[in-house]
Every structure is written in structure tokens, then in C-alpha cells.
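Below is one structure, written out as C-alpha cells, with a few remarks after it.
2 protein chains.
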Amino acid sequence: MKRIAIDMDEVIADFNQKHLALFNRDYNENITIVDLHGTKLRELRPHLKEEIRNYIIEPTFFRDLEVMKDCQEVIKELSEHYEIFITTAAMEFPTSFTAKYEWLKEHFNFLSDMNFVFCGDKSIIKADYLIDDNVRHFERFSGQGILFTAPHNINEKGYVRVNNWQEVRNYFLK
Amino acid sequence: MKRIAIDMDEVIADFNQKHLALFNRDYNENITIVDLHGTKLRELRPHLKEEIRNYIIEPTFFRDLEVMKDCQEVIKELSEHYEIFITTAAMEFPTSFTAKYEWLKEHFNFLSDMNFVFCGDKSIIKADYLIDDNVRHFERFSGQGILFTAPHNINEKGYVRVNNWQEVRNYFLK
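Chains as they are written, first to last, in this note's numbering: chain A, 997 to 1170; chain B, 997 to 1170.
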């Protein structure tokens, strides 16, 4: 059985929606997802870099993110044909461990928690495929990297790209 | 550069010493490491299985474990010749994430936290070597498993075995 490793933020967990909403509320701004095309919020507002990061190091930030559209159904279906591991660079936000774990238990209870991986450098991941929104994780990955479209990666070229979970489904099950 | 993945409990962190001390104190017992040869505390005292586990799910249990003899020096030396990752099955004890992270930051601050991995099923680990006290992790591991002697594994046969960190040093650096 081949193995698919799947990232969390901006792939199965809707990071931007909450992050932007909090930022817009607190700074009376109206930044949209389109404004993030090819960039990141911290690059758009560099003078607020620390404040922008502070939202994320809040231990509960990751606990109530929305699940990305269709991904529960598609991952459930994939799990009948592939080994599924959730591989998140949680070491970048060590305050997030518990929230990320509880979120996965709530929304992906059909996966074993033995298949959750909190790491940093994803070259440690042994899998046939890695679905991720950060191209840097593909550099030393020995399997096939699959770039999940996120605002910040929209201009990246030269990768197998999927734009949503229906496209993931088509890639693996058609 | 070849890569060595290293387990935490009973390999770099002295799990048994603290666990036994707490148990002996609370139950007025005098169980020693030798009593654990080829077994586990929960198998020696099955009627106290839940209590024995309760020590470990206490969120701070892993925070103040002793560092195993010589392992800091040897890992530091190994890290000049190998990529080192710390790979612990923390998903078995989700309450332990923060304590394990802080323990690693305290005692192995010469390693990047991007090289810490909290997982469950270690077949996800891509490394050339895995130093671990649990033989089950070698079953689907694609590299060379190296069994670090612990009381419970003392009767396991057919594995490359190291008894202490000087033997690890000799294996990799001689």
C-alpha cells in the first residue's frame, strides 16, 4: 500500500481565514485572500510582523480552524487505498501541539493518532507522496511532492499542483 | 551525510529510574531495574496497570527525567558526522508534548528543534539508522535498526544491540 503524507495548515486546516479575520478586526483592515497572492501577511505588513506572529503562538489558535472543503471525505476515501499520515511542521509553533492534536482527533477521528507526525524538517518523512503548500518541503523529499495551492504559493512553477481536494481525489483515484 | 534517528525514553531519557522511584514510594515497594528484566512494571503489577500509566500521562512526568549517561557528549560528536533526528513516539502520550519539547531544548540545545519528531508509527521515519529500545519500530523501518538495551528488551535476539552510549560511539565512529 502506497503512502500519502499530508500537511495541515492551508491544506486541511484553513489557517488564512482565521488569521486574516483576527488581523482585520484588530487593525481595522480589510485584507483579503487575493491580497495574499504570492506573498504573506507578514510581508504585506512588515511593521506588524511580531503582532502577526503572536496570533499563531497563542496556544489555542489552531484549535478551531475550519476544515478545508471536501478534505474529510476525500481523505477518508483515500485511506481505503493508501496509508495516510498527517505531517505538520508543528515544531515551528511548539505552543500549538495540543491544539493541533485535539483538532486532528476531532476532525479526522477515522485516522489513527499513530499516523500523526509533528516535525520540523520534513525530509525525515518517508512517504510516496507529500501534499503540502510549502515547496521548501519538497527539496529533500524522496517521494513525489504535490503542491496544494495556497495564496502564498500561487506563482510557484514546476511542481505537480492541485487546487482543491477534488483535484487531489482525481490525482489519486482516477 | 547519513542520518541517525534516535528515540527518547530509555535511550536518551532515563524513564525507568523516575517511574520506579514514584511507584516504589507510593506503593511501599522495592522493585529494581533487575526485576524489570524481560518485562514491564505493568506486567509485574497488572492489578495496578492504570495507576502505573497515570504517572506517565501526568503532563510534567517527562520534564525532569535524567539524561542517560554519556549520551549528550556522544550525540554531539555524532552530529559532526551524521544528521541527527530525535524521533519519539509521543503520540502514545499526547499530554507529554510540551514536557518532551522543553526537555530536548534544555538538554540537546545543540540540535535544531526542526530535527525533533513526535510521531507514533515510526515507519514514517526516513533515516539510515534508528536507535531505539522497542524492536517493534524496526519491523517496517527501511534502515538499520539498532537496539538500545533496556530492561524490557534484554532477551530480544537477532538485532544489532548497543548496551550504552559508549557502544553507540564505537559503532558509528570507529
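Heads up, the beta-carbon is just placed ideally off N, CA and C, and yes, glycines get one too.
In this text the structure is predicted, and so the values were computed from the model without any measurement.
Q. Is Ala-1220 of chain A helix, strand or coil by DSSP?
A. No answer is possible for residue 1220 of chain A: it lies beyond the span of chain A, which begins at 997 and ends at 1170.
Q: For the alpha helix (DSSP H) holding Val-1158 of chain A, just list the boundary residues, first then last.
A: Note, Val-1158 of chain A: premise wrong, no alpha helix (DSSP H); beta strand (DSSP E) at 1156 to 1158.
Q: Going by DSSP, name the residue or residues bridged to Ile-1002 of chain A.
A: The partner list for Ile-1002 of chain A (beta bridge, DSSP) reads A:Ile-1082, A:Ile-1127.
Q: Check Ile-1102 of chain A in the structure and name its three-state DSSP category.
A: The sequence shown places Glu at residue 1102 of chain A, rather than the Ile named in the question. In the displayed model, Glu-1102 of chain A falls within a helix according to three-state DSSP.
Q. Could you give the C-beta distance for Leu-1126 of chain A and Ile-1142 of chain A, rounded to a whole number, given that I count them as a contact under 8 Å?
A. Indeed, because the Cβ distance is near 7 Å, the residues count as touching under 8 Å.
Q.
Please identify the residue among B:Tyr-1097, B:Ser-1075, B:Tyr-1023, B:Trp-1161 whose C-alpha is closest to the C-alpha of Ile-1048 of chain B.
A. Residue B:Tyr-1023 is the option with its Cα nearest to Ile-1048 of chain B.
Q: For the alpha helix (DSSP H) containing Val-1164 of chain B, list its first residue and its last residue.
A: Unbroken alpha helix (DSSP H) run through Val-1164 of chain B: 1161 to 1169.
Q. Counting contacts by CB-CB distance shorter than 8 Å, is Pro-1147 of chain A in contact with chain B?
A. By this cut-off, Pro-1147 of chain A is not an interface position.
Q.
The beta strand (DSSP E) that contains Leu-1143 of chain A, what's its start and end?
A. Here the beta strand (DSSP E) through Leu-1143 of chain A covers 1140 to 1144.
Q.
Give me, in chain order, the residues of the same chain whose beta-carbon lies closer than 7 Å to that of Ile-1053 of chain B; leave out the 5 immediate sequence neighbours on both sides.
A. Same-chain partners within the cutoff: Phe-1089, Thr-1091.
Q) In its own chain, which residues sit with a C-beta less than 6 Å from the C-beta of Tyr-1078 of chain A, not counting the 5 before and 5 after it? A) Non-local beta-carbon contacts of Tyr-1078 of chain A in its own chain, meaning distances under 6 Å to residues more than five positions away in sequence, involve Lys-998, Ile-1000 in chain order.
**Q.** Chain-ordered chain A contacts of Met-997 of chain B [CB-CB under 9 Å]
**A.** Per Cβ cutoff of 9 Å: no residues; Met-997 of chain B is ~11 Å from chain A at best.
Q. Helix, strand or coil: how does DSSP classify Glu-1047 of chain B here?
A. Looking at Glu-1047 of chain B - three-state DSSP - the assignment turns out to be helix.
**Q.** Under the three-state DSSP convention, the category Val-1030 of chain B falls into
**A.** In this structure, Val-1030 of chain B counts as helix in the three-state DSSP scheme.
Q.
When you compare the stretch 1113 to 1130 of chain A with the stretch 1115 to 1130 of chain B, are there three or more beta-carbon pairs, one atom per stretch, that lie closer than 8 Å?
A. With a cut-off of 8 Å, the stretch 1115 to 1130 of chain B and the stretch 1113 to 1130 of chain A count as touching, because enough Cβ pairs lie within range.
Q) With C-beta atoms as the reference, is Gln-1162 of chain B less than 8 Å away from Asp-1066 of chain B? A) In this structure, Asp-1066 of chain B lies closer than 8 Å to Gln-1162 of chain B by Cβ.
Q.
Looking only at its chain, what residues have a beta carbon closer than 8 Å to the beta carbon of Gln-1140 of chain B, apart from the 5 residues adjacent to it on each side?
A. So the qualifying residues of the chain are Asp-1124, Tyr-1125, Leu-1126, Val-1156.
Q: Could you spell out the range, first to last residue, of the beta strand (DSSP E) harbouring Val-1232 of chain A?
A: Coverage of chain A is limited to positions 997 through 1170, which leaves residue 1232 of chain A absent and any answer about it impossible.
Q: Examine chain B for any beta-carbon lying closer than 8 Å to the beta-carbon of Met-1064 of chain A, and answer yes or no.
A: By this cut-off, Met-1064 of chain A is not an interface position.
Q. Does the Cβ of Gly-1116 of chain A have 16 or more other Cβ atoms within 10 Å, making it buried, or fewer, making it exposed?
A. Classification for Gly-1116 of chain A: buried.
Q. So, are the CB atoms of His-1133 of chain B and Lys-1036 of chain B less than 8 Å apart?
A. Taking a C-beta distance under 8 Å as the contact criterion, His-1133 of chain B and Lys-1036 of chain B do not qualify as a contact pair.
Q.
Quick check: is the beta carbon of Asn-1151 of chain A nearer than 8 Å to any beta carbon in chain B?
A. Closer than 8 Å: no.
Q. Among B:Lys-1170, B:Met-1064, B:Glu-1135, which has the Cα closest to the Cα of Phe-1104 of chain B?
A. Per the Cα distances, B:Met-1064.
**Q.** Where the stretch 1100 to 1124 of chain B meets chain A: residues whose CB sits under 9 Å from a CB there
**A.** So the close ones are Lys-1101, Ser-1108, Asp-1109, Met-1110, Asn-1111, Phe-1112, Val-1113, Phe-1114, Cys-1115, Gly-1116, Asp-1117, Ser-1119, Ile-1120, Ile-1121, Lys-1122, Ala-1123.
Q. Which bits of chain A does Met-1087 of chain B rub up against, with CB to CB less than 7 Å?
A. Neighbours of Met-1087 of chain B on chain A, chain order: Asp-1109, Met-1110, Phe-1112.
Q) How long is the line joining the alpha carbons of Asp-1003 of chain A and Thr-1083 of chain A, rounded to whole angstroms? A) The alpha-carbon atoms of Asp-1003 of chain A and Thr-1083 of chain A are separated by roughly 5 Å.
Q: Would you list the residues sitting across from Val-1063 of chain B in a DSSP beta bridge?
A: In the DSSP secondary-structure assignment, Val-1063 of chain B is bridged to B:Ala-1009.
Q | Beta-carbon neighbours of Ser-1075 of chain B, restricted to chain A and to distances below 9 Å | A | Under the 9 Å cutoff, chain A gives no residues; its nearest Cβ is about 14 Å from Ser-1075 of chain B.
Q: Measure from the alpha carbon of Trp-1099 of chain B to the alpha carbon of each residue in B:Lys-1153, B:Phe-1144, B:Asn-1012, B:Phe-1058, then state which is nearest.
A: Among B:Lys-1153, B:Phe-1144, B:Asn-1012, B:Phe-1058, the Cα nearest to that of Trp-1099 of chain B is on B:Phe-1058.
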